[in-house]
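Sequential numbering from 47 applies to the sequence shown in the working numbering. For each residue, glycine too, the CB sits at the ideal point set by N, CA and C. From a predicted model like this one, the values you see are computed outputs, not experimental measurements.
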Amino acid sequence: MIVAIDGPAGSGKSTVAKAIAKRCGLTLLDTGAMYRSCALLCVQKGIDVYDPANVDEIVEVSRAAQISFEQREDGQGVFANGQDVTTAIRTHEIDVAVSPVSAIAGVREAMVAQQRKIAENANVVAEGRDIGTVVFPNADVKVFLTADPEARALRRAVQRAGGDAAKDKNATADQASVEEILADLKRRDAYDSGREVAPLKPAEDAVHIDSSLLGVDEVVAKILSLNEELKAMDSTETAPDPAPDPAPEPEVEAKKVEATPKKAPVRAKKAEKNALGPMHAFGGNTFDDYYDHAMCDYPVPAKLFYGLVIGVVGGVTKALWPWKIEDIEKLVVKGEGRVIIMNHVGLLDPMLVIVSCGVRGIAVRPIFKSEFNVNKLTTWFFSRVGGIPVNRGTADMKCIRRARASIDRGENVLVFPEGTRVKSDDEEVTVHGGFALIAQLAKAPVLPMGIVGVRDLRPKGAKIPKFFKRVYAKVGDAITFESLGVKGKKQLVETMEKVAMDKVYELRDFLRAEHPGKM
Ligand code: DC
C-alpha cells in the first residue's frame, strides 16, 4: 500500500500523513525531511549551497547520505549518517538552504532512490512535492492537498504563536504575522512550482482536496474513503465519515473544487448532523453549539424564544416605523443558502430581513461583530437568534467556516459589508469583502439589498428616535459567480465584491429616487 500526498507548504500534508500513518499502521515517509537533511549535511561541511559551482559536491554529499527515520512517542526522529538531525533540519537557515539543494537533479535522483528503497518492504504514506508524479507514479492513493494561501499562512501563524490550527479549527492569529507569513509562502510556492526538476504539480490522477476549511479528521476521512483497502486498515473505530451517502462524493467534490455547483443542502446537513450530534433539549448547550448548529436543530425553548422575538420585533417595528420590502419574493426563498448583503444605516436593517424571513420559516444568520458580545446576556441573545460572531481585524476563519456551513445547510447568511452603520454620505466607507469569500467557498449566490429611511429615524444628537416614519428596502436579483464572466479564484472574489456592492448602492439610490427625502 502506497499513499502519496503532495502539496505546497502549509497545506497540512505532514499532519494528515502523520494521522494516516498512525491510524492505518503505515510507515511515514517525510521526503521534505530528507531534502532538509541533505541541505544540513552540506551546510555542516561548509559548502555554499547557493553557489552553482558547488553542485557536484552537493550531489556527492547527497549520494553518500544515509537517511533513516525512527518512530517516537512525540513524533518522528530523523537521522542523517547516524546523526540525530530531527530539530537541526527545522531551523530558518535550513528552511532557506533546502530550496537550492532540492532543485538539483542529482540530489533528487539520490533521494528518490532511497525513498523507493524504503517503500520496497513496507506500506508507506509518503508526503512531499513529487510523490505522485515521480517517486511513486503507481501509488494506490494519490492526493494533492491544497489550501488557500491565507488559510495556510494562518496555520503557520497559529503554530508560531504556540497553537495548533490542525487541532483547533477555531484558532485565530495576529493579522500582521499572517500577512508576513503569507508573503513568504507565496515566494516558496513560486520557487517549488517553477523549478525545472520535479516541480510541484499534481499528478494527473491525483484527487485534489482543499483543506482550507476542513479539520485533520475530515481530510483523513476523505482520503481513507478513496481506497477500500486503506479504509480497512484504519484502526480507529469512530472515524468520522464525511460522505454519509454511498455516492462518490470525495472525488467529485475534491476534483472540481472550483467548478462544482453548490452541494445539495440536504446532504450537507446530514454530514453536519453526523459531525456535531444533536443539541441538548433543555440547557447544557454552549454558545458555540448555537453558532455551529442549524437553526432548525435548536432546542425547543430556543425556537420558542426565537418565535417570540420575531413576533415582538416584527409587530413593534412595523407599528412604529411602517416598513416595506419591495420585491420581497426574491428574498423569501426556502432551502437555498445565500449570502444576503445590504447597506447599513441603522439597527432596523437586520431586523427587516430576519423578521420577513423568520415568519416564513426561513433561517437567516446575521454575522455580527464580536464586540456586541459585551456580556453573557448579549452573547446569549445573539446566539439564540442565530447570530455568528466575527472578530474584525483578524483573518477570522472560524466565522467564515461557520457561515459556509450554514449556507451548505440551506440557511441564509446576512452580512453588512460596510461593517458599521454609515450615518452620512460624506463618511468614508470601507467595504469588507469577506462576504464574497464566504459565497465563493460555499458556491452560493449573493443577494443584494438596499435600504433607505432608517438614518432619518434618529437625527444626529437626538436621544429618542422619531416614530411613524416609513422605511423601505428593496431586493435585487441573486448574483451568481457564473454570471460574472471572469475566471480564477481571486478575480471571482474581487469581481463579486465590486459587482454586488455596486448593486446594493444602485438599489439604495433607486429607493431614494422613488421615495424622495428618504436617506
Ligand atoms: O515539506 P518541507 O517543507 O519539509 O520540504 C522542504 C523542502 O524540500 C521544500 O522547500 C521543497 C522540498 N521538497 C521537494 O523538493 N520534494 C519533496 N518531495 C519534498 C520536499
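- Rounded to the nearest whole angstrom, the CA to CA distance from Thr137 to Thr466 is 43 Å.
- Note on geometry: alpha-carbon atoms of Gly404 and Asp238 lie some 51 Å from one another.
- In this structure, the CA atom of Leu191 is about 14 Å from the CA atom of Ala65.
- Distance from Gly178 to Ala252 at the Cβ level is roughly 5 Å; contact confirmed, criterion being Cβ atoms closer than 8 Å.
- Distance check between Phe527 and each of Gly499, Phe481, Leu553 and Pro511 places Phe481 closest, using alpha-carbon atoms only.
- The beta carbon of Gly128 sits closer than 8 Å to those of Gln112, all from its chain and outside the five residues before and after it, given in chain order.
- Pairwise C-beta distances place the segment 356 to 368 out of contact with the segment 447 to 458, as fewer than three of them are shorter than 8 Å.
- A straight line joining the alpha-carbon of Trp426 with that of Glu119 spans about 42 Å.
- Membership of Trp369 in the beta strand (DSSP E) is indicated by the continuous run Trp369 to Glu372.
- By the 16-neighbour rule on beta-carbons within 10 angstroms, Asn389 is buried.
- In this structure the segment 195 to 209 touches the segment 51 to 64; the number of beta carbon pairs closer than 8 Å is three or more.
- Annotation for Glu375: no alpha helix (DSSP H) segment contains it, and DSSP assigns it neither H nor E.
- Beta-bridge partners of Asn458 (DSSP): Val410.
- Straight across, the Cα-Cα distance linking Glu139 with Ile356 is about 60 Å.
- In the same chain as Ala50, and ignoring 5 residues on each side of it, the C-beta atoms closer than 6 Å to its own belong to Ala172, Ile177, Gly178, Phe182, Ala185 and Lys188, in chain order.
- For Ile525 and Asp334, the gap between their C-alpha atoms comes out near 31 Å.
- If you look at His326, you'll find it isn't in any alpha helix (DSSP H); DSSP assigns it neither H nor E.
- Comparing alpha-carbon positions, the option among Arg162, Tyr96 and Leu259 lying closest to Thr73 turns out to be Arg162.
- The nearest non-hydrogen atom of ligand 1 is 7 Å or more from the C-beta of Ile150.
- A residue is called buried when at least 16 other Cβ atoms come within 10 angstroms of its Cβ; Cys88 meets this threshold and is buried.
- Counted as a single uninterrupted DSSP element, the stretch harbouring Asp120 is not any beta strand (DSSP E), since DSSP gives it neither H nor E.
- If you draw a straight line from the Cα of Glu225 to the Cα of Ile255, it is about 24 Å long.
- Taking Lys536 as the centre and dropping the five residues before and after it, the same chain places no C-beta closer than 8 Å to its C-beta.
- For the 8 Å CB-CB criterion, Ser281 and Arg448 do not form a contact.
- The segment 412 to 424 makes no contact with the segment 507 to 514; the number of CB pairs closer than 8 Å stays below 3.
- Within the DSSP secondary-structure output, Ala519 pairs in a beta bridge with Ile371 and Ile497.
- A direct Cα-Cα distance of roughly 31 Å separates Ala490 from Ala327.
- Relative to Tyr337, the option among Ala409, Gly433 and Asn273 whose CA is nearest is Gly433.
- Distance from the CA of Ile400 to the CA of Val410, rounded to the nearest whole angstrom, comes to 6 Å.
- The shortest C-alpha to C-alpha distance from Lys444 to any of Lys544, Lys380 and Leu259 is the one to Leu259.
- Per DSSP, reduced to three states, the secondary structure at Lys415 is strand.
- As computed with DSSP, Thr77 is found in no beta bridge at all.
- For the set Ala156, Thr424 and Leu553, the Cα lying nearest the Cα of Tyr81 is the one of Ala156.
- Here Asp442 really is in contact with Thr218; their C-beta atoms are around 6 Å apart, less than 8 Å.
- Contact between the segment 344 to 352 and the segment 511 to 519 is absent, with fewer than three C-beta pairs closer than 8 Å.
- Out of Gly522, Thr541 and Lys520, the CA that lies nearest to the CA of Leu530 is found in Thr541.
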